[in-house]
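Undergrad:
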Amino acid sequence: MLVAVEPEAEPGIESFEALYRSSCSDLHAYVRTLLGDSASAEDVTALAFERAYRRRASFDARRGSPRAWLFGIARNAALDELRRRRAAPALAPEPVAPGEDPSDAAVRRATVRRALEQLGARDRELIALKFHAGLSNAELARVLGTSESNAGTRLHRAVSRLRRACTDTTEEDRP
Amino acid sequence: MTLRRRPRPLDPAARAELAAIDAALAGRPVAPEHSALATLVADVRATAPSPSPELDSRLEAGLRSGFAPAGAPAPRGRVATLGAAVRARLGAGISRRSLALGTAGALASVLIAAVVIVSLPGSGSRNATQPQTQLLERAAPGASTPPPAAAPATVTPTPARPTPSPLRPLPPGVAPAPTRRVDRAASLALSTAPDSLNTVADGVVRVTDSFGGIVASSNVSSGRPATDAGPGQGGEASFDLRVPSDRLAAALAALSRLADVTARDQSTQDITAPYDAAASRVGRLTGQRDALRSRLAAAHGAQVQALLARLRAVQAQLALAQRQQRQLDLRARYARVTVQIAATGTRHGAAGPWGPGRALDDALRVLAVAAGVALVALAALVPLAALGLAGWLAGRRLLRRRRERALGFA
């Protein structure tokens, strides 16, 4: 659930807390999807909030919403983590326990998880920013540093690839 | 240069699908042809990982402590508020490294400004010099200094001090002229307040006497003294002094302490050759005179008149040569010192009182100097800031490229 946060020139402690409450889960989900492991995701999430708190006076409402600003900070922190991983051994994606819920929805969600893992990092990031964080296309553009139309085009391509990956995964699972 | 490919505009179908995604995310109904997309949205959202309870408690604690660095005690009460405010201000787009770089740049600029200002000619009051032609107006010995060319209407001329008698014999303790005879001259320009002019002028006479010197001539013109209504105006004094050559440095130092020194200059001239020539001429003429006297003692008749005429001519030449030798000797023994005192009404001497008017004058001077320093510092800071800004922008661009590249490798 997303809570609208009123933008203001210099977020105070109260407004920052509101931003934290409304974005914490979404931010973690985005970082977790981008990085692929929960331990790094939690560290990067905490780091992102810490940086955002320290820089809260630099927030400029004219340049975007507080959520876009916060996700931009988290994105930089996550990309720095990915850069560090290039020098260190890559972490294997955490296995998802299959078959915990035999219902159709559970099967579909397992398929979606596997399809997401097959996507490239750029597409995975777009899916997470849109579906997990619920950012508008304008906010997506702000976080990615591109135009709104370009963000929409890239998002549509990522969704198309996700749907194809879901179809491919479903067909592979068929006996 | 990198050419960016302009993205093609979305076709209507893609635009409709994006709108359906937004509707599904907002919980609004979607068209039947987009029901599969809505299901995908729900499934992807359902797969969103949730933060662990540990992360929740970690973030809650961070929020309460103002996200203080690990290991640092959490601030409390008003200190917490103040600390958060300070951190917020410091963190407002300015990192500690940027702050340190900015401070270093500002200090470097001020240092450069100070070096530039100190190296500028005429910036120091004690070491300032003016063209020698203005400073070395040498008066002939015994001649009085001419009065000021353009005296203000309010100036009341005072009678010139009596010109002293010709040079006295050297006082005890003054060494005779050395083998090398050097003519020394010095000029000193002082500045003082109008109401201190007489005090400084008396000080010049006192110092000259204390060093065994002579005031060859002097001229003091008083201007309007300072009152409560405003500072004094005009007034000047000039002195032509003779000071024993071996005490010139000490005498100049003592004279310089009487008021603010605006200019000071010294010159030397070796007069050994003209002195030796005069001495040789005196010796030769003395020999001729003695010989003529001997011949005159033994002369008779018409020879006496002729010898007397030659003797008178030789004696006249001898007197002239002796006078020239004496003058050169005095030039070597006594240095000529010209002292000019100007009562400007804005500068003050050591003896004058200090009041609100002078305080305002000092404050304006301090402000002018500070403005000059700031201007030079700014001139040095602008290029440094431009370089820093260019480096900062290049660094940001490089960092952004590296981050995007890391995303491509993930």
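Chain order of the listed sequences is H and V. Residues in the first sequence are numbered from 176 upward in steps of one, following the working numbering. Residues in the second sequence are numbered from 757 upward in steps of one, following the working numbering. Even for Gly, the Cβ is constructed at its ideal location relative to N, Cα and C. Predicted model only: the values in this text are computed from it and were never measured.
Answer yes if the segment 225 to 244 of chain H comes into contact with the segment 313 to 327 of chain H, meaning at least three C-beta pairs across the two stretches below 8 Å, and no otherwise.
TA: Verdict: yes, contact present.
Undergrad: Does DSSP put A216(H) in a helix, a strand or coil?
TA: Indexing the first sequence from 1 puts residue 216(H) at position 41. Helix at A216(H).
Undergrad: Does the beta carbon of L774(V) sit closer than 7 Å to a beta carbon anywhere in chain H?
TA: Looking up residue 774(V) in the second sequence gives position 18. For L774(V), the answer is yes, since a Cβ of chain H falls inside 7 Å of its Cβ.
Undergrad: Would L1163(V) pass as an interface residue toward chain H - the criterion being a Cβ-Cβ separation below 7 Å?
TA: Here residue 1163(V) corresponds to residue number 407 of the second sequence, with the count starting at 1. By this cut-off, L1163(V) is an interface position.
Undergrad: Quick check on the burial criterion: 16 or more other C-beta atoms within 10 angstroms. Buried or exposed for L1120(V)?
TA: Position 364 of the second sequence holds residue 1120(V). With fewer than 16 other Cβ atoms within 10 Å, it is exposed.
Undergrad: With H, G and I counted as helix, E and B as strand and the rest as coil, what does DSSP make of F995(V)?
TA: The count along the second sequence starts at 1 and reaches residue 995(V) at position 239. In the structure shown, F995(V) sits in a strand (DSSP, three-state: E or B).
Undergrad: Below 7 Å between beta carbons: does that hold for L1063(V) and L1052(V)?
TA: Numbered from its first residue, the second sequence carries residue 1063(V) at position 307. Numbered from its first residue, the second sequence carries residue 1052(V) at position 296. The answer is yes: Cβ separation under 7 Å.
Undergrad: Thinking C-beta only, is T208(H) closer than 7 Å to R336(H)?
TA: Numbered from its first residue, the first sequence carries residue 336(H) at position 161. Numbered from its first residue, the first sequence carries residue 208(H) at position 33. No.
Undergrad: Which residues in chain H have a C-beta closer than 9 Å to the C-beta of P765(V)? List them in chain order.
TA: Position 9 of the second sequence, counting from 1, holds the residue named residue 765(V). The contacting residues are S324, T328.
Undergrad: Could you tell me which of A1047(V), S1036(V), L857(V), T859(V) sits nearest to Q1080(V), measuring between CA atoms?
TA: The residue given as residue 1080(V) occupies position 324 in the second sequence. Nearest of A1047(V), S1036(V), L857(V), T859(V) to Q1080(V), Cα basis: S1036(V).
Undergrad: Tell me the DSSP secondary structure of A884(V) in three-state form.
TA: The residue labelled residue 884(V) in the question sits at position 128 within the second sequence. Low confidence applies here, because A884(V) scores a pLDDT of 34, under 50, leaving its location unreliable; read the following figure in that light. Correct three-state label for A884(V): coil.
Undergrad: Tell me which residues share the same chain as S215(H) and place their Cβ nearer than 6 Å to its Cβ, disregarding the 5 neighbours each side in the sequence.
TA: What you label residue 215(H) is simply residue 40 of the first sequence in a count that begins at 1. So the qualifying residues of the chain are E256.
Undergrad: Is G247(H) close to chain V? Criterion is C-beta to C-beta, closer than 7 Å.
TA: For the purposes of this step, residue 247(H) is identified with residue 72 of the first sequence, where counting begins at 1. No, because no Cβ of chain V sits closer than 7 Å to the Cβ of G247(H).
Undergrad: Please classify D1016(V) as buried or exposed, where buried requires at least 16 other C-beta atoms within 10 Å of its C-beta.
TA: Here residue 1016(V) refers to the residue found at position 260 when the second sequence is read from its first residue. Looking at its Cβ environment, which holds 16 or more other Cβ atoms inside 10 Å, D1016(V) is buried.
Undergrad: What is the DSSP secondary structure of R1114(V), reduced to helix, strand or coil?
TA: Here residue 1114(V) refers to the residue found at position 358 of the second sequence. Helix at R1114(V).
Undergrad: Mark V963(V) as exposed unless 16 or more other C-beta atoms lie within 10 angstroms of its C-beta, in which case mark it buried.
TA: If you number the second sequence from 1, residue 963(V) lands on position 207. Its Cβ being crowded by 16 or more others within 10 Å, V963(V) is buried.
Undergrad: For chain H, find out if any of its Cβ atoms is closer than 7 Å to the Cβ of A1141(V); answer yes or no.
TA: The residue you call residue 1141(V) lines up with position 385 of the second sequence. Taking Cβ atoms only, chain H never reaches closer than 7 Å to A1141(V), which makes this a no.
Undergrad: Counting only beta-carbon atoms, is L310(H) nearer than 7 Å to chain V?
TA: On the first sequence, position 135 is the one that residue 310(H) refers to. Output row for L310(H): interface = no.
Undergrad: Output yes or no for whether 7 Å exceeds the beta carbon distance between L796(V) and A776(V).
TA: Looking up residue 796(V) in the second sequence gives position 40. Looking up residue 776(V) in the second sequence gives position 20. It is not a contact, given that the beta carbons lie outside the stated cut-off.
Undergrad: On a Cα-Cα basis, can you pick out the residue from A340(H), T345(H), T342(H), G327(H) that is closest to E773(V)?
TA: On the second sequence, position 17 is the one that residue 773(V) refers to. Comparing Cα positions, the closest option is G327(H).
Undergrad: DSSP has L238(H) in a bridge; who is on the other side?
TA: Start at 1 with the first residue of the first sequence, and residue 238(H) comes out as number 63. What sits at residue 238(H) in the sequence shown is Arg, not Leu. Answer is none; R238(H) lacks a bridge partner.
Undergrad: Tell me the DSSP secondary structure of L257(H) in three-state form.
TA: On the first sequence, residue 257(H) is found 82 positions in, with the first residue counted as 1. L257(H) falls in the helix class under three-state DSSP.
Undergrad: Would G1057(V) be called buried (16 or more neighbouring beta carbons within 10 Å of its own) or exposed?
TA: Position 301 of the second sequence, counted from the start, is the residue given in the question as residue 1057(V). That one is exposed.
Undergrad: With DSSP as the reference, please indicate the residues paired to T1024(V) in a beta bridge.
TA: Mapped onto the second sequence, residue 1024(V) falls at position 268. DSSP lists R940(V) as partners of T1024(V).
Undergrad: Can you name the residues of chain V whose CB is closer than 9 Å to the CB of E292(H)?
TA: By one-based count along the first sequence, residue 292(H) stands at place 117. The premise fails here: E292(H) is roughly 11 Å from chain V at the closest Cβ pair, so nothing lies under 9 Å.
Undergrad: Within 10 angstroms of the Cβ of G849(V), are there 16 or more other Cβ atoms? Answer buried if so, exposed if not.
TA: Taking the second sequence and counting its residues from 1, the one referred to as residue 849(V) is at position 93. Interpretation of G849(V) is limited by its pLDDT of 45, a score under 50 that renders its predicted location unreliable; no figure is taken from the coordinates.
Undergrad: Restricting to Cα atoms, I'd like to know which of P1112(V), R801(V), Q1025(V), A1072(V) is closest to H307(H).
TA: As a working mapping, residue 307(H) is identified with position 132 in the first sequence. Of the listed residues, the one whose Cα sits closest to H307(H) is R801(V).
Undergrad: Pick helix, strand or coil for L1014(V), following the three-state DSSP scheme.
TA: As a first step, residue 1014(V) is located in the second sequence; it is residue number 258 there, counting from the start. Reduced to three states, the DSSP call for L1014(V) is coil.
Undergrad: Using the DSSP secondary-structure output, state which residues sit across from L946(V) in a beta bridge.
TA: In the second sequence, the residue the question calls residue 946(V) occupies position 190. Partner(s): V1017(V), I1097(V).
Undergrad: Cα separation between A1150(V) and A1126(V)?
TA: Walking along the second sequence from the start, residue 1150(V) turns up at place 394. Walking along the second sequence from the start, residue 1126(V) turns up at place 370. The alpha-carbon atoms of A1150(V) and A1126(V) are separated by roughly 35 Å.
Undergrad: With a threshold of 16 other CB atoms inside 10 Å of the CB of S810(V), please say whether the residue is buried or exposed.
TA: Stepping through the second sequence from its first residue, residue 810(V) is reached at position 54. It is worth fixing the name first, because residue 810(V) is Glu in this sequence and not Ser. That one is exposed.
Undergrad: For R936(V) and D1026(V), which I take to be in contact (beta-carbon distance under 8 Å), what is that distance rounded to the nearest angstrom?
TA: Position 180 of the second sequence, counted from the start, is the residue given in the question as residue 936(V). Position 270 of the second sequence, counted from the start, is the residue given in the question as residue 1026(V). Right, their Cβ atoms sit about 7 Å apart.
Undergrad: For F224(H), which option in A236(H), A193(H), L210(H), S213(H) has the closest C-alpha, if you only look at C-alpha atoms?
TA: Your numbering for residue 224(H) matches position 49 in the first sequence. The shortest Cα separation from F224(H) among A236(H), A193(H), L210(H), S213(H) belongs to A193(H).
Undergrad: Beta carbons nearer than 9 Å to chain H: which residues of the segment 1150 to 1161 of chain V have them?
TA: The segment 1150 to 1161 of chain V vs chain H, Cβ under 9 Å: L1155, R1156, R1158, R1159, E1160, R1161.
Undergrad: Work out the CA separation of V999(V) and A1072(V) for me, nearest whole Å.
TA: In the second sequence, counting from the first residue as 1, residue 1072(V) sits at position 316. In the second sequence, counting from the first residue as 1, residue 999(V) sits at position 243. Going by the C-alpha atoms only, they are around 31 Å apart.
Undergrad: Between L857(V) and chain C, is there a C-beta pair that is closer than 7 Å?
TA: Protein chains in the displayed structure are H and V, and chain C is not among them.
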